[in-house]
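A short worksheet on the structure shown next.
See below:
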């Protein structure tokens, strides 16, 4: 899953598209580089990012979704707003990257009506912009399983057939601001991803950056975390660095087919 950010607040400059035309062009490039899906977002998840109202999100996202869909590219949209969900599904989005827990009945009904897949992101709050602290400990998996089980049941009851679960490792929880704490938490979940598969659905991971450790080599970070995620049997990798991650995953597949 290759990333296109239509918000200039994103610090990952390589993924930022400053116009609709630039977003369409980047989406096409990502597909050519090996992305199976192109994930579009109009509001950054970083702590101090601007809140983008529904109207602006729709104005930015819909033309890009329509253009990429017309090219035969599978499009994902990252949002937590029902109005944005509906507009983008009508425009041709195939997957919803759901970064909130509010309005779930309405959103799941829309996804089911359009036969769209849904990524259920772990969000401890109504949406990714309103999170507090995440539960830390020796084993974070029980809390994740307890979070996802009822949400999966709700989605299935609404008629959603294709789901992914995403532990939300790229979100900005208050107690994960320290670099060492954050990377230990992330690595522990990556390597235990296989345990989430007992939920019955594949796992999606947004690959992190660990800027405190990688510094000027931050563009190499997602490749490193892709290896950990692959060892944990991740099914879908969300990345800003499609060529790097694609090459790593292809190499791992050659070494151990089917992992």
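Residue numbers (the numbering used here): 19 to 277. Note that CB positions come from ideal geometry on N, CA and C, so glycine has one too. These numbers were taken from a predicted model, which means no experiment stands behind them.
Could you pull out every residue in the same chain whose Cβ sits closer than 7 Å to the Cβ of residue i, ignoring the five residues on either side in sequence?
i	result
residue 53	19, 20 and 260
residue 49	56 and 91
residue 193	151, 152 and 154
residue 178	126, 129, 130 and 136
residue 165	140
residue 210	159 and 250
Taking C-alpha atoms, which residue in the options lies nearest to residue i?
i	options	result
residue 95	24, 267 and 31	24
residue 83	111, 60 and 221	111
residue 205	226, 102 and 92	226
residue 72	195, 157 and 60	60
residue 104	86, 88, 77 and 139	77
residue 118	109, 163, 93 and 148	148
residue 85	64, 45 and 124	45
residue 74	38, 88 and 87	38
For residue i, which residues from the same chain have a beta carbon less than 6 Å from its beta carbon, with the 5 sequence-adjacent residues on both sides left out?
i	result
residue 213	159
residue 62	25, 27 and 28
residue 201	228
residue 14	There is simply no residue 14 to check, as the chain begins at 19 and stops at 277 in what is shown.
residue 253	220 and 221
residue 208	246, 247 and 250
residue 243	225 and 226
residue 184	137, 139 and 222
Between the alpha carbons of residue i and residue j, how many angstroms are there, rounded?
i	j	result
residue 203	residue 69	28 Å
residue 133	residue 170	16 Å
residue 262	residue 51	10 Å
residue 101	residue 120	13 Å
residue 31	residue 237	11 Å
residue 127	residue 99	13 Å
residue 186	residue 141	7 Å
residue 66	residue 47	29 Å
residue 34	residue 122	29 Å
residue 241	residue 182	21 Å
residue 36	residue 143	30 Å
What does a CB cutoff of less than 8 Å around residue i pick up in its chain, not counting 5 residues either side in sequence?
i	result
residue 197	228, 229, 230 and 231
To the nearest whole angstrom, what separates the beta carbons of residue i and residue j, a pair I think is in contact under 8 Å?
i	j	result
residue 80	residue 106	6 Å
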